[in-house]
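This report concerns only the one structure given below.
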Amino acid sequence: MTDCTESMDGAGSDDLTACEVEREPDPSDSLRTFGAVVQALREHAGFSRADFGDLVRFSKHTVESVELGRRMPDESFVERAEDVLGNTGALRRSARFLTRGEAGLAAWFRRWARLERVAVSLCTYECRLVPGLLQSEDYARAVFEGTIPVVTDGQLEALLAVRLERQRMLHERPTVPFSFIVEEHVFRRRFGDAEQMRAMLDHVLEHSAPRNVTLQIMPLDGGLHACLDGPVQLLETPERRRLAYSEGQQNGRLISDAKEVSLLYQRYDTLRSQALNPKESRGLLERLRGEL
Numbered sequence: 001m002t003d004c005t006e007s008m009d010g011a012g013s014d015d016l017t018a019c020e021v022e023r024e025p026d027p028s029d030s031l032r033t034f035g036a037v038v039q040a041l042r043e044h045a046g047f048s049r050a051d052f053g054d055l056v057r058f059s060k061h062t063v064e065s066v067e068l069g070r071r072m073p074d075e076s077f078v079e080r081a082e083d084v085l086g087n088t089g090a091l092r093r094s095a096r097f098l099t100r101g102e103a104g105l106a107a108w109f110r111r112w113a114r115l116e117r118v119a120v121s122l123c124t125y126e127c128r129l130v131p132g133l134l135q136s137e138d139y140a141r142a143v144f145e146g147t148i149p150v151v152t153d154g155q156l157e158a159l160l161a162v163r164l165e166r167q168r169m170l171h172e173r174p175t176v177p178f179s180f181i182v183e184e185h186v187f188r189r190r191f192g193d194a195e196q197m198r199a200m201l202d203h204v205l206e207h208s209a210p211r212n213v214t215l216q217i218m219p220l221d222g223g224l225h226a227c228l229d230g231p232v233q234l235l236e237t238p239e240r241r242r243l244a245y246s247e248g249q250q251n252g253r254l255i256s257d258a259k260e261v262s263l264l265y266q267r268y269d270t271l272r273s274q275a276l277n278p279k280e281s282r283g284l285l286e287r288l289r290g291e292l
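Residue 1 is where the sequence shown starts when you use full-length UniProt numbering, and the numbers rise one by one after that.
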C-alpha cells in the first residue's frame with residue numbers, strides 16, 4: 001500500500017496525494033497501531049511469524065517489520081492477512097488510514113501536510129501566531145525553542161527544516177491561490193529584538209507579495225467576527241473536494257464531512273469581508289515595522 005491513494009472517513013478511495021518514491025517509513029502512530037492489531041490477531045490465531053509469513057506469502061522479516069510499525073504494508077499483504085485472520089474487515093478498513101512518520105511534523109499534522117502539496121487552493125485563518133508558511137527562520141526557531149516539553153537541538157533543527165521546506169510551496173506553485181487572514185495582535189506580539197521583529201515583518205511582506213498569495217489582517221478594532229472558534233485551514237483537492245483542518249493543544253483534526261466543511265468555508269468567506277483588504281493589510285505591516 002502506497003501513499004498514492006488515501007481514503008477519507010471510509011468513504012472510498014480518493015487520489016488525494018501525489019505518488020511518492022516507495023521507502024521504509026519512519027514509525028508513525030498509525031503504523032504502530034496497525035502492526036499491533038496484526039500481531040494480536042496472528043497470536044490469537046496461534047500462528048508464529050514464520051507460519052503466518054508462509055500463509056500470506058511474505059517473509060518472516062516483513063511480517064515482523066509490519067508488526068513493529070517499521071514497514072508500510074503492501075495492499076496484497078493486507079488482503080492476504082484478512083483472509084488468513086478471519087476476514088473481519090478490520091485490517092482492510094484500518095489500512096486506509098495508515099500514514100508514514102515524517103521527522104519534524106506532528107503526527108496529527110502529517111496527513112494535512114501531504115494534502116497541502118497537491119491542493120489547488122489553500123486558505124488559512126490564524127489567531128495564535130504567524131502562519132507556518134509565512135514565518136521567518138528566527139521566528140520559527142523561537143516558536144520551537146519555546147515548546148514544552150523542550151526538544152533537543154537535533155529535533156529543533158528537524159522541525160525548522162520541515163517548516164522552511166513547506167514554505168517553498170508559495171514560490172514553487174505560482175498558480176495555486178494561497179489566502180491568509182491573521183489577527184493584528186499576532187504581528188504585534190514581540191519576540192527576540194527589534195531587528196528580528198523587523199526581519200519577520202519583512203519576511204511576511206516578501207512572501208505575501210506574489211500575485212497568488214493574499215494576506216489580510218483582522219484589525220484590533222474590528223470587533224467580534226465569524227471565526228472566534230479558533231484557527232482553521234481549508235483546501236481544495238485536484239478532484240475539487242473541499243477539506244478542512246483545525247488544531248488545538250496536542251491534537252489536530254482533518255475534517256471531511258461536507259456540511260461541516262461548507263460551514264467553515266462560509267465563516268472564512270465572511271471573515272474576508274470583515275478583515276482589512278490586502279493593500280490596507282500591507283500598509284499596517286509597514287507601519288508596525290516603522291514603529292520598531
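Note that CB positions come from ideal geometry on N, CA and C, so glycine has one too. Keep in mind the model is a prediction, meaning the values are calculated, not measured.
- Per DSSP, reduced to three states, the secondary structure at Ala244 is strand.
- Between the alpha carbons of Phe178 and Gly290 lies a distance of about 26 Å.
- With contacts defined as CB atoms closer than 7 Å, Ala50 and Leu235 fail to qualify as a contacting pair.
- Taking the Cα positions, Arg272 is about 22 Å away from Met169.
- Note on the region 164-206: whole beta strand (DSSP E) runs with a minimum of 3 residues are 178-183, in chain order.
- Per DSSP, the beta-bridge partners of Thr214 are Ser179.
- Within a 10 Å sphere around the beta-carbon of Thr175 sit fewer than 16 other beta-carbons, which makes this residue exposed.
- Counting along the chain, the unbroken alpha helix (DSSP H) around Gly283 starts and ends at 278-291.
- Around the C-beta of Gln266, fewer than 16 other C-beta atoms lie within 10 Å, and the residue is accordingly described as exposed.
- Here the alpha carbon of Lys60 sits roughly 54 Å from the alpha carbon of Gly192.
- Taking 3 residues as the shortest admissible run, the region 70-146 contains the following complete beta strand (DSSP E) segments, listed from N- to C-terminal end: 121-126.
- With at least 16 other beta carbons inside 10 angstroms of its own, Ile217 counts as buried.
- The straight-line gap separating the alpha-carbon atoms of Arg57 and Asp83 is approximately 12 Å.
- By the Cβ neighbour-count rule, Ile181 is buried, with 16 or more other Cβ atoms within 10 Å of its own.
- Rounded to the nearest whole angstrom, the C-alpha separation of Val261 and His225 is 18 Å.
- Within the region 248-277, the complete alpha helix (DSSP H) segments of 4 residues or longer fall at 258-274, listed in chain order.
- Apart from the 5 residues on each side of it in sequence, Leu254 sits with its Cβ closer than 7 Å to the Cβ of Arg111, Trp112, Leu243, Tyr245 in its chain, given in chain order.
- Per DSSP, the unbroken alpha helix (DSSP H) holding Glu43 starts and ends at 29-45.
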